[in-house]
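Single-structure report; data block below.
Numbering (the working numbering), first residue to last: 464 to 958.
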């Protein structure tokens, strides 16, 4: 009795494989595929942020964007063959059952979706201008790929329940309405409804209140969320096709339980990884220095996977360090974020300057702020977070403004902006601005010699701006006084 069944099973398996191959070719030749998938890739490339120092966060967000757009494209592409299968194939005498044929279509669609997403991922990695910094979290990337499956599987599930093009039409209407509500904000009830639907879509793509999963625990949470979404979609397909009194309620019941689990996971992650919780859990403590390295007197402590950034940081700080006295006590640079070294981020040590993983070597703001943290430390100024400090008339704030602008790396057009950024929270007076402008026009070696020879005097909060002017051979009063700056000009509170 069992012998004859084996050839039949083998024959069905071969037929299933051939049908899957046929469906794959049919999807590739679909006009919607040829239109929407290149358009999705084009949108990804046009909206991507090209960084000279890419990170795992950039990779995750790029893949997530690809998943949303390619998943939506595959939803549209899969709808037509799925509807044809649901409407017309049950009454035909075909080698495979209707459920097997739908499973073959689903397998072909998710295979094609996976290939597209892996190609998009490989394209980003291959075109990156530098090695991607950070610790890879394979579970999170697998989760992103699985969420992409929900595009074609969602098309099959919606068609199986509605037997119409209604879901596809709704998706095509939702996108322009969502964009309109985002940019125009009419404030109508429809606008609020579309905005909430967009929020659900965003929650499906990224349930964590973090920029990206950067620890094994958060990556595992993301993977569980993705598996739950695929499982829920698959159960809805099974419940739609199995219209018996037993299987349909069971399928819907299990799908409901999976949804409850997804909501519970979302609630848990939103609570455990919220800013307030992470801040409350952070404690002041002495951080471990095992991953730190010293380079020309400066200690750098990057996050795991960011060791290659140390040279970039040092190249930006080296011009400032070069003109400081040799015995100057330098701070320790720590890199931290909300989940890695949160204690350092929220309670930095007294001898530390803290950077996050968001860094652009070409960004004028980052360079000015980065150098300003170092300069503020060596001059004994309050941290950048301390607002309301008045440095009016102090020579050290003028010295600091000059220090952040030294070196060939800062172009002539960037020098005033870098100096102004440093002064923006120190309430400089008119004489401070005049002297800063004059110092930037002097030869660097001349100013550096004065700063080195009189370091202790110039870094004292009791030393006034006129003392610095005298040491430089400049005058703030009299016929040889340096020119006044624009009386209406004040350093900006940001670029």
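Even glycine gets a Cβ: it sits at the ideal position worked out from N, Cα and C.
How big is the Cα-Cα spacing for residue i and residue j?
i	j	result
residue 748	residue 800	16 Å
residue 529	residue 773	31 Å
residue 767	residue 608	25 Å
residue 732	residue 723	14 Å
residue 696	residue 868	57 Å
residue 526	residue 893	51 Å
residue 798	residue 817	6 Å
residue 676	residue 603	7 Å
residue 785	residue 862	14 Å
residue 850	residue 542	Note that residue 850 scores a pLDDT of 46, beneath 50, so its modelled location is shaky; the value from the coordinates is reported in the next line. Roughly 57 Å separates the two Cα atoms.
residue 759	residue 834	16 Å
residue 1032	residue 497	With the chain covering only 464 through 958, there is no way to say anything about residue 1032.
residue 501	residue 710	40 Å
residue 939	residue 908	22 Å
residue 492	residue 702	30 Å
residue 865	residue 900	9 Å
residue 597	residue 478	46 Å
residue 878	residue 630	57 Å
residue 626	residue 679	41 Å
residue 714	residue 564	20 Å
residue 740	residue 924	38 Å
residue 664	residue 832	36 Å
residue 840	residue 684	40 Å
residue 704	residue 559	15 Å
residue 544	residue 567	11 Å
residue 737	residue 524	19 Å
residue 618	residue 510	26 Å
residue 823	residue 775	10 Å
residue 926	residue 844	14 Å
residue 910	residue 790	18 Å
residue 589	residue 561	42 Å
Taking the beta strand (DSSP E) that residue i falls in, what are its first and last residues?
i	result
residue 818	815-818
residue 685	Unbroken run through residue 685 is the alpha helix (DSSP H), 679-704; no beta strand (DSSP E).
residue 852	Unbroken run through residue 852: none, as it is neither H nor E.
residue 840	Premise fails: residue 840 lies in the alpha helix (DSSP H), 827-842, not in any beta strand (DSSP E).
residue 797	795-798
Is it the case that the Cβ atoms of residue i and residue j are separated by a distance below 8 Å?
i	j	result
residue 815	residue 700	no
residue 931	residue 898	yes
residue 614	residue 537	yes
residue 532	residue 503	yes
residue 803	residue 764	no
residue 611	residue 576	yes
residue 623	residue 549	yes
residue 688	residue 672	no
residue 809	residue 762	no
residue 634	residue 535	yes
residue 698	residue 718	yes
residue 842	residue 830	no
residue 591	residue 494	no
residue 667	residue 600	no
residue 934	residue 913	yes
residue 587	residue 522	yes
residue 852	residue 895	no
residue 540	residue 487	no
State the start and end residues of the unbroken alpha helix (DSSP H) segment that holds residue i.
i	result
residue 445	An answer regarding residue 445 cannot be provided, because it is not within the stretch 464 to 958 covered by the chain.
residue 757	No alpha helix (DSSP H) contains residue 757, which is instead part of the beta strand (DSSP E) from 756-758.
residue 738	738-744
residue 669	It is not in any alpha helix (DSSP H) - residue 669 carries neither H nor E in the DSSP assignment.
residue 762	Segment 761-764 is the beta strand (DSSP E) holding residue 762; no alpha helix (DSSP H) there.
residue 587	561-590
residue 860	858-866
residue 917	Premise fails: residue 917 is in no alpha helix (DSSP H) and is neither H nor E.
residue 933	928-934
residue 608	601-625
If contacts are defined as beta-carbon pairs under 8 Å, then residue i and residue j qualify, I think. What distance do you get, rounded to the angstrom?
i	j	result
residue 515	residue 593	7 Å
residue 728	residue 780	Going by Cβ atoms, the distance from residue 728 to residue 780 rounds to 42 Å, so no, they are not a contact pair.
residue 782	residue 870	3 Å
residue 807	residue 750	5 Å
residue 884	residue 788	No, residue 884 and residue 788 are not in contact; Cβ-Cβ is about 24 Å, not under 8 Å.
residue 856	residue 928	5 Å
residue 820	residue 769	7 Å
residue 693	residue 616	7 Å
residue 880	residue 903	So it is not a contact: roughly 11 Å between Cβ atoms.
Can you find a heavy atom of the ligand SAM that lies under 7 Å from the Cβ of residue i?
i	result
residue 896	Although the ligand SAM was asked about, the structure shown includes no ligands whatsoever.
>> Under 8 Å, with one C-beta from each stretch per pair, do the region 581-598 and the region 744-758 reach the 3-pair mark?
In response: Taking 8 Å as the limit for Cβ pairs, the verdict is that the region 744-758 does not touch the region 581-598.
> Counting pairs of beta carbons, one from the region 483-500 and one from the region 568-578, are three or more of them closer than 8 Å?
Replying inline: As far as the Cβ criterion goes, the region 483-500 touches the region 568-578, which means the pair count is three or higher.
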